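Reviewing the structure listed below.
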Amino acid sequence: MTENPQQQTSSTGTAAIAGGPLRQAVVIGGNRTPFARSHGAYASASNKDLLTAALNGLVARFGLQGERIGEVAAGAVIKHSRDFNLTRESVLGTVLDHSTPAHEVQIACATGMEAIGGLANKIRLGQLDSAIGGGVDSISDAPLVFNDAARSVLMELNRARTVQDRIKAVLRFRPGHLAPEAPGTEEPRTGLSMGEHQARTTHRWGITRQAQDELALASHHHMAAAYDRGFFDDLVTPFGTLTRDNNLRADSTLEKLASLKPAFGRDLGEEATMTAGNSTPLTDGASAVLLGSEDWAAARGLPVLADFVDFETAAVDFVDGQEGLLMAPAYAVARLLQRQGLTLQDFDYYEIHEAFAGTVLATLKAWEDEEFCRERLGLDAPLGPIDRARLNVNGSSLAAGHPFAATGGRITATLAKMLHKKGPGSLGLVSVCAAGGQGIVAILRGR
Amino acid sequence: MTPLAASYRAALSTAARDALLRRRRPQSLPARTLLVHDHVIGEDLAAAYAGLFPATGPLDPGDLPSVLVHIAGFPAAMDLMAQADFPMPLLGMVHLENRVRHHRPVPAGVPLEVAASATGLAPHPAGTTVDLVITVHGPDGDQPGEGPVLLWEGTSTYLGRGVRLAGHPRVDRRPREAFAAPELTARWRLPASTGRDYAAVSGDYNPIHLHPLAARALGQKGMIAHGMYLAGRMLAGREPAGAGHSWSISFATPVLLPGSVSLGVTHSGAGTARVTEVTAWNARSGKPHFTGRIEPGERPTAIRRPRSSGRPWRPS
């Protein structure tokens, strides 16, 4: 009998999916490109270029050349329709074994978390021994499409079988049809951008301008300090001309942030608080996280940073303002804590994605709010406050930027490394909000 | 059914004849009810209508949206208004308000009986208002002897500006209430083609919706959105499945095209008792465009507003 190289090599006996016990899915490490403000350093790089670079960096870091990985899952929020197999095409561009399968994931800004969480579940079930999850986005590579009117004419032209039909179709062309449409960040059902939505939530929760600016400043300072002490050395691989995220402002001050004019919610007049300084800019970049079973990691002598314990997705009805667009993680955390029998105070680190400073602060305030926790989360008591010294301690999206689908990978790899340093059993909470009123939260445990 | 274009042509020629002959229009409403038998709303029309509001997705051909039913009955009402025996000229009439009771689902592809009549001639500070009532009946009900089932009834109130009828007292203009915008929940960006797109579906090619010059010639500040387009967009995704609801919309200032409309939507009550209130305004001028309300059941009190009470709008 010849050995089938495609056969699963599980040394622990029966897989959970076949009736055996569940096993741990562990985070081995991560890699990302530096993040770049859009239309800047990566203006000529495509989604595929960036994702391939992030994957190749990961492969190089963990010596996976020629290795067949169980599955690679990644995605991009904004991508061209020709990139239907973006992740598989990127894998084919790496030095991984070309028999490594790959699939696309997309749940807006939580894409990376969904990719990683889904793969972790497959590992726990024994369906996979190894996996890579991540994501990429490039606003600089955003596809432009014909508007619907032009598309209708072009499709009719395509269907036309006779010269007459073709002429008829061509005659429907109007100059206005030449105006392309770019993908927007507006919610289709409300016509409001994410920033405009968050401006309502920030206002409703009474989050002050100063509190937001302070959070933004802390993010920049924490991340700059982390770079300076080499924390990101084994998490980031230079790409293009960048070795660091170019949105990072180590020298930012509260005075500088306070001088910025409101960028969102300007209709709120004096009460508008959200600026370009306390909101994330559009960003390009990619990230990837290596996951595996304990055996798979041990067999290759790879480090084990953390267990991927559990994750939860939530959605809220934001369409007529019943709930804030980016408040879903507040709900998801309540459910995840309940399922895991934990309290909000049990964590050593909190990684709350800074889509906007207002998002983080409104979420924290909601968890402390008795009425919100009772009426909306169905809890007897509020989840309570967190120790702010444990929040985004190495900076987050306000400093790094936020290439939508790449953020989950950035956070997971960063948190896993922090938990590993903290020691076995340490706990970390991830919270990522997403367009469409959705959000994904996760728990990692240090090894 | 008389096509809308024919009604506009008839209205134009009546207006021209009246001007030439200095004919005085009649002082009372025609007592006729215009009936249209076996009117069918096709699935193609339903699909075209759904295409106007792409964000809310396809619609259920067994339970058509209220405004699409209105589109089916509107030509009958227009036919009444375009005739020489109607007391006010069709062209230049201002659409003030709509109140609809949507009793049961209206399906596509089923013969409907549409009836249109005019009623409620009433004095208004700026002229005279009239109610056009459209009812839509479906096939006979299940019960023996039940007869055609009333599916939908709607009342549209129009203002004939400057029309003063004998025997009607003058009504003083009420002081305009200060408008305070609610919390913003949505913004509609309406391209210049909005009026033409809605005209292509509804057949309502009133020139004020089609081209800025035509609109100015007819006394508007520019090309404006159809009131029923705004109603349709307000209702898209917010009408309960299976009907059994009422809704109303009161127009204040017209929506110029292209343009942006700010909206505040609030819900009270839960589940089947949910009431939705919508306020739309212009963020730049701070003026209201319309207010609307969607509620379960058939609440005639909320549908038929007493004439004497103050209204939040003022005709422009």
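Top to bottom, those sequences are chains R and C. Residue -3 in the working numbering is what sits at position 11 of the first sequence, and the numbering runs on without skipping anything. Just add 100 to the spot in the second sequence (first one is 1) and you have the working numbering. Just so you know, even glycine gets a beta-carbon here, dropped at the ideal spot from N, CA and C. Predicted model, so just to flag it, every value in this text is computed and none were measured.
Check: Would the region 258 to 275 of chain R and the region 234 to 250 of chain R be scored as touching if the rule is three or more Cβ pairs under 8 Å?; Outcome: yes
Check: Would DSSP call leucine 415 of chain R helix, strand or coil?; Outcome: strand
Check: Measuring CB to CB, does proline 205 of chain C end up less than 7 Å from aspartate 163 of chain C?; Outcome: yes
Check: Quick check: the region 49 to 66 of chain R against the region 82 to 90 of chain R, are there 3 or more CB pairs under 8 Å?; Outcome: yes
Check: When DSSP labels each residue in this structure, what does arginine 316 of chain C get in the three-state scheme?; Outcome: helix
Check: Check whether the region 41 to 49 of chain R touches the region 11 to 31 of chain R, counting contact only when three or more Cβ pairs, one atom from each stretch, lie closer than 8 Å.; Outcome: yes
Check: Let me know if lysine 141 of chain R comes out buried or exposed under the rule of 16 or more other beta-carbons within 10 Å of its beta-carbon.; Outcome: According to the sequence displayed, residue 141 of chain R carries methionine and not lysine. When all chains shown are included, methionine 141 of chain R counts as exposed.
Check: Ordered along the chain, which non-local residues of its own chain (more than five positions away) have a Cβ less than 8 Å from that of tyrosine 305 of chain C?; Outcome: Leu104, Ala105, Tyr108 and Ala299
Check: According to DSSP, methionine 260 of chain R sits in a beta bridge with which residue or residues?; Outcome: R:Phe250
Check: Could you tell me whether the Cβ atoms of alanine 318 of chain R and tryptophan 191 of chain R are closer together than 7 Å?; Outcome: no
Check: Taking Cβ-Cβ distances below 9 Å as the criterion, which residues of the region 308 to 321 of chain C are in contact with chain R?; Outcome: none
Check: For a contact defined as C-beta to C-beta under 7 Å, what are the partners of leucine 36 of chain R on chain C?; Outcome: Ordered by position in chain C, no residue passes the 7 Å Cβ test against leucine 36 of chain R, which lies about 30 Å from the chain.
Check: So proline 165 of chain C packs on glycine 332 of chain C, CB below 8 Å; how close in whole Å?; Outcome: 7 Å
Check: Sort R:Leu369, R:Ala22, R:Glu75 and R:Lys242 by Cα distance to glutamine 331 of chain R and report the nearest one.; Outcome: R:Leu369
Check: Using 8 Å for Cβ pairs, my map puts phenylalanine 390 of chain C next to serine 362 of chain C. What's the rounded Cβ distance?; Outcome: That belief does not hold up - the Cβ atoms of phenylalanine 390 of chain C and serine 362 of chain C are roughly 12 Å apart, past 8 Å.
Check: Kindly indicate the opening and closing residues of the beta strand (DSSP E) around aspartate 219 of chain R.; Outcome: Aspartate 219 of chain R -> no beta strand (DSSP E), and no H or E assigned at all.
Check: Report yes if the CB atom of alanine 392 of chain R is closer than 7 Å to the CB atom of glycine 121 of chain R, and no otherwise.; Outcome: yes
Check: Can you give me the Cβ contacts of proline 400 of chain C inside the same chain, cut-off strictly under 7 Å, excluding the 5 residues immediately before and after it?; Outcome: Residue confidence for proline 400 of chain C is low, a pLDDT of 39 falling below 50, so the modelled location carries little weight and cannot support an answer.
Check: Would you mind telling me which residues of chain C sit closer than 8 Å to arginine 175 of chain R, beta carbon to beta carbon, in chain order?; Outcome: Ala155, Thr156, Ala286 and Gly337
Check: Are any of the Cβ atoms in chain C nearer than 7 Å to that of glycine 307 of chain R?; Outcome: yes
Check: Based on DSSP bridge pairs, tell me the residues matched to proline 289 of chain C.; Outcome: Before going further, note that residue 289 of chain C is arginine rather than proline in the sequence given. For arginine 289 of chain C, which the question treats as bridged, DSSP gives the partners C:Ser360.
Check: Using only CA atoms, which one of C:Ser348, C:Pro340 and C:Arg384 lies nearest to threonine 372 of chain C?; Outcome: C:Pro340
Check: Which residues in the same chain as histidine 224 of chain C place their Cβ atom closer than 7 Å to its Cβ, once the five residues preceding and following it in sequence are excluded?; Outcome: Leu259 and Val271
Check: Please check the pair alanine 420 of chain R and alanine 96 of chain R, which I expect to be a contact at CB under 8 Å, by giving their CB distance rounded to whole angstroms.; Outcome: 4 Å
Check: I need the straight-line Cα distance from leucine 221 of chain C to threonine 228 of chain C, nearest angstrom please.; Outcome: 7 Å
Check: At 9 Å on the CB atoms, spell out the chain R contacts of alanine 383 of chain C, in chain order.; Outcome: Asp253
Check: How many whole angstroms separate the CB atoms of phenylalanine 294 of chain R and valine 427 of chain R, which I take to be in contact at a CB cut-off of 8 Å?; Outcome: 12 Å between Cβ atoms; not a contact.
Check: Would you decide whether threonine 148 of chain R is buried or exposed? Buried here means 16 or more other CB atoms lie within 10 Å of its CB.; Outcome: exposed
Check: Output yes if chain R places a C-beta closer than 7 Å to the C-beta of arginine 289 of chain C; else output no.; Outcome: yes
Check: So the candidates are R:Ala283, R:Gly226 and R:Ala185; which of them puts its Cα closest to the Cα of glycine 310 of chain R?; Outcome: R:Ala185
Check: Within 7 Å (strictly less), CB to CB, does valine 93 of chain C reach chain R?; Outcome: There is no way to answer for residue 93 of chain C, as the model of chain C reaches only from 101 to 416.
Check: Relative to the alpha-carbon of valine 222 of chain R, which residue among R:Ala4, R:Ala136, R:Phe21 and R:Gln10 has its alpha-carbon at the smallest distance?; Outcome: R:Phe21
Check: Alpha carbon to alpha carbon, how far is glutamine 326 of chain R from proline 315 of chain R?; Outcome: 16 Å
Check: Taking aspartate 214 of chain R as the reference, which of R:Glu200, R:Leu234 and R:Gly226 has the closest Cα?; Outcome: R:Leu234
Check: Residues of chain C with a CB under 7 Å from the CB of leucine 178 of chain R: which are they?; Outcome: Ala286 and Arg287
Check: In chain C, which residues lie with their C-beta within 9 Å of the C-beta of arginine 145 of chain R?; Outcome: The contacting residues do not exist; arginine 145 of chain R stays about 17 Å from chain C at best.
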